[in-house]
């Protein structure tokens with residue numbers, strides 16, 4: 005057998021071939037590398053184009069969804085009539101060394117509010133526009149217009165999530181999907197975008213450049229809220245940099261604040277917003293016949309009256325729309341929504357059969373959903389309700405059921421899609437109104453079964469207009485009330501909505517009056533009762549408040565003056581003029597401010613008399629009142645700066661500081677420079693300094709108790725530490741009981757910002773603190789916790 009032997013010729017040829025291959029590789033290395041880089045760049049560009057194209061398609065889906073997702077979709081593009089609201093942040097962090105009172109925070113422009121803390125709650129009652137705000141934010145971000153529209157520093161990709169449409173049991177399953185993947189998929193599904201766009205959303209979420217908008221919190225029950233809040237907290241921790249915005253009602257959002265979300269309240273509307281809205285509709289709508297046409301001033305006066313009864317923004321917008329479109333609008337809320345329903349359905353002379361069919365079918369659906377606590381109905385249920393409501397075949401056109409279904413579910417109609425084959429009312433107020441309308445024509449037994457269910461309160465508000473409310477009110481007031489007389493305030497709202505001749509109204513008004521005069525009533529509660537008294541519109545309120553202005557108790561007279569100011573044209577000026585001579589400065593100040601809020605020519609004349617002839621401090625209050633009286637009051641202040649009396653000019657300078665317009669600033673600058681009296685120059689300079697100091701700042705994160713400097717210093721003086729996390733609440737609670745008055749006040753205020761439900765007992769004790777400022781802070785914080793955790797505190 006031959007063994008292996010070395011073949012030099014083969015080795016030589018192999019070496020030559022190897023060297024040749026190595027040389028060829030070195031020679032081709034750069035061209036090959038360049039070619040690979042070009043291929044890779046081409047693939048990257050293709051991927052970027054695909055991603056950009058997919059993102060563009062997703063943005064288009066969001067835009068289309070935002071234009072149809074709100075209750076006013078039938079009016080036209082959202083941006084044509086949406087008024088960007090301001091948001092009211094929580095009070096500033098407490099400071100025991102601060103000498104000034106803990107003033108109410110100024111509302112922030114929307115863009116400013118969204119630049120700070122990245123976990124935010126939009127808080128507002130039903131119909132306040134919180135869901136429409138989410139749709140608007142989705143719209144401007146999807147269009148890339150957030151910078152120009154809101155002056156936001158970055159462009160984010162919006163992701164909308166409806167929390168009530170989530171089956172939260174998936175969190176307990178063994179195969180729980182990854183939160184990031186599920187969130188992206190749900191965001192795409194909700195707006196009807198391409199499924200492949202979920203990859204784009206995942207990338208944006210991981211990069212911290214997304215805007216997550218969540219709605220439907222109020223539709224969740226308590227266990228679902230706990231799960232949803234924990235899930236959101238986990239996501240916000242794992243996906244930093246994104247902006248999270250959740251729309252919530254005024255109660256029951258505690259699990260979210262525990263997760264680090266900061267509540268921002270929607271600012272209410274005033275006359276300026278009303279006039280802007282009317283101008284928007286004037287541009288959108290064809291004017292009615294000359295005989296029925298209303299001027300913008302007349303329509304604004306009508307809406308200003310509606311504002312007094314705290315109508316929701318949805319109702320104000322519907323009322324404005326009808327006023328500008330037809331020249332008239334029903335006074336009752338039920339009639340208003342039913343009239344608007346007919347217009348939204350596009351009813352015409354050849355479709356007269358549709359109105360009763362739609363009203364009956366929608367009423368049946370609304371009542372069924374309300375009783376069963378459901379948010380959606382299936383298409384089959386809608387079709388069945390229409391079939392039951394249709395008249396005999398000979399009285400309606402062919403395929404009437406299909407026509408009716410299309411009318412009820414068309415864009416801008418009362419029913420909008422929510423998931424495959426399912427529908428939801430475009431706004432909960434449609435459902436509440438239709439439920440009350442249906443119950444008024446049948447049985448109201450369900451009202452007593454659900455009397456203490458907050459989801460039925462909107463139904464009760466509408467039922468107060470159309471139903472037999474006496475037994476309901478009696479049952480409602482038979483239940484124990486809380487510290488803030490919430491049940492009594494709700495009954496007062498029903499009084500404002502009910503027919504003037506409703507027999508039960510007198511009993512509620514008498515109870516309101518007795519409670520208002522209770523000697524031990526906290527000032528904040530008395531003030532709230534003054535507000536609801538004014539909103540009832542009862543003819544006896546001016547006389548009652550005039551009598552209260554003579555009450556022996558100072559704080560009763562102060563609150564009576566404030567309540568009189570809320571009556572505006574119906575106010576009794578004689579009583580306020582008498583109050584200007586009250587021996588207590590607080591009453592005189594309240595009376596002057598009330599005259600400014602009234603703003604009628606007669607009230608302005610009284611303020612002018614005080615401005616020119618009153619005592620020094622009261623002149624300043626008169627000037628501040630004139631600043632609240634609109635352009636007529638502003639003109640008085642402008643003229644007052646030319647008066648010879650330097651005390652008049654000094655007071656007018658303080659009033660001009662509240663006007664805040666460019667001409668007012670220029671006038672103050674001239675006075676600060678040229679006035680011959682140093683006391684006037686000093687006042688103008690001080691006002692200008694305050695105006696310069698007022699710059700809206702973004703929202704801060706919630707205070708961390710263990711990092712509060714004043715608490716650390718207080719504990720150190722006692723030889724103690726503060727601890728971290730939940731342990732820090734121990735020293736905070738001790739400071740509430742054992743600290744000096746400023747320390748106790750700061751501790752009470754801190755609990756209002758970050759306290760938990762278990763801190764209620766300590767605040768209940770602090771309400772009786774001998775220092776009135778501490779007691780007032782504790783009362784505010786106690787009410788904050790009651791709202792946050794939806795607690796009944798008696």
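Numbering (our numbering), first residue to last: 5 to 798. Glycine included, every Cβ here is placed at the ideal spot set by N, Cα and C. Computed from a prediction, not measured in an experiment: that's the story for all the values here.
Assigned secondary structure, residue i (DSSP; H/G/I helix, E/B strand, else coil)
i	result
residue 505	coil
residue 421	strand
residue 414	coil
residue 703	coil
residue 49	For residue 49, the predicted structure reports a pLDDT of 49, less than 50, and the residue's modelled location is therefore unreliable. A value from the coordinates is still provided. Helix at residue 49.
residue 381	strand
residue 76	coil
residue 426	strand
residue 553	coil
residue 161	strand
residue 793	coil
residue 312	helix
residue 341	helix
residue 473	coil
residue 435	helix
residue 493	helix
residue 458	helix
residue 334	coil
residue 257	coil
residue 4	No statement about residue 4 is possible, as the shown extent of the chain runs from 5 to 798 and does not include it.
residue 685	helix
residue 402	coil
Alpha carbon of residue i to alpha carbon of residue j, nearest angstrom
i	j	result
residue 421	residue 382	10 Å
residue 669	residue 271	25 Å
residue 17	residue 199	60 Å
residue 749	residue 103	12 Å
residue 159	residue 116	15 Å
residue 376	residue 142	31 Å
residue 693	residue 657	12 Å
residue 735	residue 742	10 Å
residue 459	residue 309	27 Å
residue 265	residue 706	8 Å
residue 349	residue 362	9 Å
residue 407	residue 365	13 Å
residue 497	residue 95	28 Å
residue 732	residue 766	15 Å
residue 719	residue 728	13 Å
residue 323	residue 431	16 Å
residue 336	residue 641	40 Å
residue 576	residue 390	53 Å
residue 288	residue 455	41 Å
Buried or exposed by the 16-neighbour rule on C-beta atoms within 10 Å, applied to residue i
i	result
residue 58	buried
residue 548	buried
residue 98	buried
residue 688	buried
residue 285	buried
residue 246	buried
residue 798	exposed
residue 711	exposed
residue 470	buried
residue 21	exposed
residue 621	exposed
residue 781	buried
residue 263	buried
residue 30	exposed
Beta-bridge pairing of residue i - partner residues as DSSP gives them
i	result
residue 559	DSSP lists no partner for residue 559.
residue 219	166
residue 267	125
residue 250	125 and 218
residue 92	269
residue 113	90
| request: Please go through the segment 632-669 and give each complete alpha helix (DSSP H) segment of 4 or more residues, from N-terminal end onward. | output: 635-644 and 650-663
| message | Please give the ranges of any alpha helix (DSSP H) in the segment 708-750, keeping only runs that are unbroken, at least 4 residues long and fully inside the region. | response | 713-721 and 733-742
| request: Enumerate, from N- to C-terminal direction, the unbroken alpha helix (DSSP H) stretches of 4 or more residues contained entirely within the segment 514-591. | output: 527-539, 545-552, 558-571 and 577-583
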